[in-house]
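Chemist: Residue numbers (full-length UniProt numbering): 1 to 124.
Every residue gets a Cβ at the ideal spot worked out from N, C-alpha and C, and that includes glycine.
Quick caveat, the model's predicted, so the values are computed rather than measured.
The structure under discussion is supplied below as structure tokens; questions concerning it will follow.
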Amino acid sequence: MTMPDGSQTAPSPPFRATPRAHRQIAEIAAREGRPRAGLRLAVEAGGCSGLQYKFELADEPEAGDTVVRAEDGTGAPVFIDPVSLDFLQGAELDWADALMGAHFAVRNPQAVSGCGCGVSFAVG
């Protein structure tokens, strides 16, 4: 990409999910009796910061979805619609297993602010 001053910048890396996230999606899907399901990750209006992440199991991608698979081929896929992908460009999905509880965590370089819940964010 060419900046106004003529310098070049590398394009934002595509969305990725960690191997731990892919494995956890597969474990959740298996527990739900849907071993071939993946995780639908969407960005929607709402939350205390303006946008929020939505997570749900999906048995297959919808038309136009980007399908993100683990580099090593293990675990379950992540499905992202085109509008949400714009908000997730360069982001990473991980599985956090902390004292406060286990959950999916999105590290999103486009998020300029967020709230304590970790699900709501704003972009600049």
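1) Around the Cβ of proline 77, are there at least 16 other Cβ atoms within 10 angstroms (buried) or fewer (exposed)?
2) Tell me, please, which residues DSSP counts as bridged to histidine 22.
3) Please say whether glycine 33 and phenylalanine 79 have beta carbons closer to each other than 7 angstroms?
4) To the nearest whole angstrom, what separates the beta carbons of alanine 58 and arginine 40, a pair I think is in contact under 8 angstroms?
5) Pull up the CB-CB distance for phenylalanine 15 and valine 67, whole angstroms please, since I reckon it's below 8 angstroms.
6) Cβ of aspartate 97 within 7 angstroms of Cβ of alanine 105?
7) Can you give me the C-alpha to C-alpha distance between lysine 54 and glycine 46, rounded to a whole angstrom?
8) For aspartate 72, which residues from the same chain have a beta carbon less than 7 angstroms from its beta carbon, with the 5 sequence-adjacent residues on both sides left out?
9) Between Ile28, Gly50 and Pro82, which lies nearest to proline 61 when the distance is taken from Cα to Cα?
10) How many Å lie between alanine 56 and alanine 30 at the Cα?
11) Measuring only the C-alpha atoms, how far is threonine 2 from threonine 74?
Modeler: Quick look at the numbers:
1) It counts as buried.
2) In DSSP, histidine 22 forms no bridge with anything.
3) With contacts defined by Cβ atoms closer than 7 angstroms, phenylalanine 79 and glycine 33 do not form a contacting pair.
4) Correct: roughly 4 angstroms between the Cβ atoms.
5) In fact, because the Cβ distance is near 11 angstroms, the residues do not count as touching under 8 angstroms.
6) Contact flag unset, no.
7) Cα-Cα distance, rounded: 10 angstroms.
8) For aspartate 72, the CB contacts under 7 angstroms within the same chain, skipping 5 residues up- and downstream, are Pro19 in chain order.
9) Among Ile28, Gly50 and Pro82, the Cα nearest to that of proline 61 is on Pro82.
10) This sequence places glutamate at residue 56; alanine is not what is there. Computed Cα separation, rounded: 14 angstroms.
11) Legend: pLDDT at threonine 2 = 47, less than 50; position of this residue unreliable, no value from coordinates given.
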